[in-house]
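Student:
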Amino acid sequence: MEVIFDRQTAIRLSGMSEKAYNRSFNSMQNGIGVKNKLDIRELAIQFGCVRLIPIAHKGFSLFKDRFLASLPPSRKGSTDFSRPVFTAVAFYLCAKKTKDKFKLIELAGTSESEFSSVSTSMLELCFDVFGRAKEKKDSKKIKGNRELLDALPEKRRLEDGSISSDDGEEPSAYKKRKQTERHDFDEWKSTVLKSNKRSKTEAPAMRTKTRQSTLDFLKRVPRTTADAS
1 MEVIFDRQTA IRLSGMSEKA YNRSFNSMQN GIGVKNKLDI RELAIQFGCV
51 RLIPIAHKGF SLFKDRFLAS LPPSRKGSTD FSRPVFTAVA FYLCAKKTKD
101 KFKLIELAGT SESEFSSVST SMLELCFDVF GRAKEKKDSK KIKGNRELLD
151 ALPEKRRLED GSISSDDGEE PSAYKKRKQT ERHDFDEWKS TVLKSNKRSK
201 TEAPAMRTKT RQSTLDFLKR VPRTTADAS
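Here the sequence shown stands for residues 1 to 229, where the numbers follow the UniProt record's numbering.
#1: According to DSSP, is Ser162 helix, strand or coil?
#2: Sorted by chain position, which residues of the same chain lie with C-beta nearer than 6 Å to Ile55's C-beta, five sequence neighbours on each side aside?
#3: Decide if Leu68 is buried, meaning its Cβ has at least 16 other Cβ atoms within 10 Å, or exposed.
#4: Do you know how far the Cα of Leu43 is from the Cα of Lys19?
#5: Do you know offhand how far Ala90's Cα is from Asn196's?
#6: Suppose you measure from the CA of Lys96 to the CA of Asp186; what does that come to, to the nearest Å?
#7: Rounded to whole angstroms, what is the Cα-Cα separation between Asn22 and Leu193?
#8: Which word fits Val50, buried or exposed, when buried means at least 16 other C-beta atoms lie within 10 angstroms of its C-beta?
#9: Give me the Cα-Cα distance between Ile163 and Asp65, rounded to the nearest whole angstrom.
#10: Report the rounded CA-to-CA distance for Val129 versus Lys58, giving the unit in angstroms.
#11: Considering Cys94, what are the terminal residues of the alpha helix (DSSP H) in which it resides?
#12: Take Leu62 as the anchor and find which of Glu124, Ser17 and Glu112 has the nearest alpha-carbon.
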């Protein structure tokens, strides 16, 4: 409708936090079918980095080619790259993550989880354009294609056995680390319990020994006194 709209006033009147307001706003937009139009050039001008326009266009184009090439023919038709989230993520990664992520999420009319999912997929498929050396991952562990499919309007489904189930995969690095931490904690707990048990067993013996020594000393006192007299 192109009506002047004060977003900050709306957030204040809604009684919600800015993050909650954005989430509700985006959900309502998607529910009524309103789509934001986002262009890399407009983003570059708005964020003051026009020099990134060529590389952002190149990276986005490369991502589309590689992503489509990785899909079976039956899935290529359902992929919609016109959605603003792809443009926003391409710009965000090209800017080396130095721009306001939440502002871009707001402009794209998407959610934080979807933005992160698309960002991960785009970074892994086009690491040579968007990535940095310390972020590089083992190509065998890349699951960007599947994650991105879940971010698209058409959710990923098993069709004709083209995508296998993840049930047989090995535990993730996170799970392995948690298992190791749990094992270390159990060993530490066992050691503490044994130490406490040993202390409780030795304590009565020490008290008996001390009492006997005291009694022996008291018995010797009269004899020593008699010898002295």
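Glycine included, every Cβ here is placed at the ideal spot set by N, Cα and C. Keep in mind it's a predicted model, so treat the numbers as computed, not measured.
Tutor: Here's the rundown:
#1: With a pLDDT of only 41 at Ser162, under the threshold of 50, the placement of this residue in the model should not be trusted; the figure read from the coordinates follows. Reduced to three states, the DSSP call for Ser162 is coil.
#2: Contacts found: Cys94.
#3: Counting the other Cβ atoms within 10 Å of the Cβ of Leu68 gives fewer than 16, which makes it exposed.
#4: Going by the C-alpha atoms only, they are around 21 Å apart.
#5: Each residue's Cα considered, the two are about 59 Å apart.
#6: One Cα belongs to Lys96, the other to Asp186, and the distance between them is close to 42 Å.
#7: Near 52 Å, if we compare the C-alpha coordinates of Leu193 and Asn22.
#8: Exposed is the call here.
#9: In this prediction, Ile163 has a pLDDT of 41, which is less than 50 and means its spatial position is unreliable; what the coordinates show is noted afterwards. Going by the C-alpha atoms only, they are around 20 Å apart.
#10: One Cα belongs to Val129, the other to Lys58, and the distance between them is close to 8 Å.
#11: Pro84 to Cys94 is the span of the alpha helix (DSSP H), which, as asked, contains Cys94.
#12: For the residues Glu124, Ser17 and Glu112, the minimum Cα distance to Leu62 belongs to Glu124.
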